[in-house]
Amino acid sequence: MSLVSVSLIDANNLFRHGLKAMFAEQGFHIAKETSSLKSALQVVQEGDASQVILIDPVGIGDFTDLLRSLKVACPDTHVVVLTGTLDPEIMTKAIHAGADGFLMKDISMEALAQSLRLVMIGETVFPSALAALLIGGRLSGAADLAAPHKGVSKREAQVLRCLQNGSSNKMIANHLRITEATVKIHLKSLLRKIDVSNRTQAALWGRNNGFADAE
Numbered sequence: 263m264s265l266v267s268v269s270l271i272d273a274n275n276l277f278r279h280g281l282k283a284m285f286a287e288q289g290f291h292i293a294k295e296t297s298s299l300k301s302a303l304q305v306v307q308e309g310d311a312s313q314v315i316l317i318d319p320v321g322i323g324d325f326t327d328l329l330r331s332l333k334v335a336c337p338d339t340h341v342v343v344l345t346g347t348l349d350p351e352i353m354t355k356a357i358h359a360g361a362d363g364f365l366m367k368d369i370s371m372e373a374l375a376q377s378l379r380l381v382m383i384g385e386t387v388f389p390s391a392l393a394a395l396l397i398g399g400r401l402s403g404a405a406d407l408a409a410p411h412k413g414v415s416k417r418e419a420q421v422l423r424c425l426q427n428g429s430s431n432k433m434i435a436n437h438l439r440i441t442e443a444t445v446k447i448h449l450k451s452l453l454r455k456i457d458v459s460n461r462t463q464a465a466l467w468g469r470n471n472g473f474a475d476a477e
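Offset between the sequence shown (1-based) and the working numbering: plus 262.
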């Protein structure tokens with residue numbers, strides 16, 4: 263199995279070096295790394311594009327502009343925020359800027375590797391604590407994603423409720439007793455109807471439009 267190429271943007275040198283060593287045991291390779299906002303975009307644009315970019319917004323300045331620039335410069339690369347702070351404001355900014363995932367630094371190495379592999383196949387990953395914020399309506403800026411919900415089918419509403427619980431496509435398929443391919447069809451239709459771009463935004467939208475109890 264070929265190594266997964268990762269770029270790491272983190273102001274903490276010790277953390278970067280430690281993660282680099284642990285990734286080697288999980289089939290990942292940190293090909294590029296930087297600690298500053300100024301050099302981050304240059305690093306990921308040079309040479310072969312990394313498959314995953316990990317970024318910790320703490321200590322690197324306005325990470326939202328960087329994240330948007332990364333998504334434009336490297337459209338085929340997945341960007342995941344990996345931070346030690348469970349900050350609703352940072353999470354909201356990351357989601358709106360197009361992050362493919364949001365993870366905490368207290369995650370185990372095995373769980374981190376699994377989460378990144380899910381991201382690489384199109385899933386959006388975030389910690390269970392974020393799901394709790396979604397369900398409780400305490401995520402700052404969530405109202406910005408609200409929109410009319412006309413046209414959402416019963417099955418799409420069921421998928422939407424699962425998204426609010428942080429479920430992957432496989433988990434949704436098992437719960438609803440349908441195939442993963444069918445889940446993807448419903449999810450694609452749902453995102454189009456409510457005019458959002460990813461499953462995390464859909465979960466936010468559902469919570470603010472009365473879908474918390476959809477069955």
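Positions of the beta carbon are idealized from the N, C-alpha and C atoms, including for glycine. Bear in mind that the values here come from a model prediction, so they are computed numbers and not experimental data.
Discussion item. Measuring straight from C-alpha to C-alpha, what distance separates Ser267 and Leu281?
Written reply: 13 Å
Item to complete: Return the first residue and the last residue of the alpha helix (DSSP H) that Ile447 is part of.
Response: Glu442 to Ile456
Worksheet item: Where Met353 and Phe388 are concerned, what is the direct C-alpha to C-alpha distance, given to the nearest angstrom?
Response: 9 Å
Worksheet item: Which word fits Pro319, buried or exposed, when buried means at least 16 other C-beta atoms lie within 10 angstroms of its C-beta?
Response: buried
Item to complete: Taking 8 Å as the threshold, find out whether the region 442 to 455 comes into contact with the region 422 to 433 through three or more Cβ pairs.
Response: Result yes; three or more Cβ-Cβ pairs closer than 8 Å.
Fill in: Reduced DSSP secondary structure (H/G/I, E/B, other) of Phe473
Reduced to three states, the DSSP call for Phe473 is coil.
Fill in: Residues that Ser267 bridges to, as DSSP identifies them
Answer by DSSP bridge pairing, in chain order: His291.
Fill in: CB of Ala361 within 7 Å of CB of Val381, strictly
no
Fill in: Buried/exposed call for Gln313, threshold 16 Cβ in 10 Å
buried
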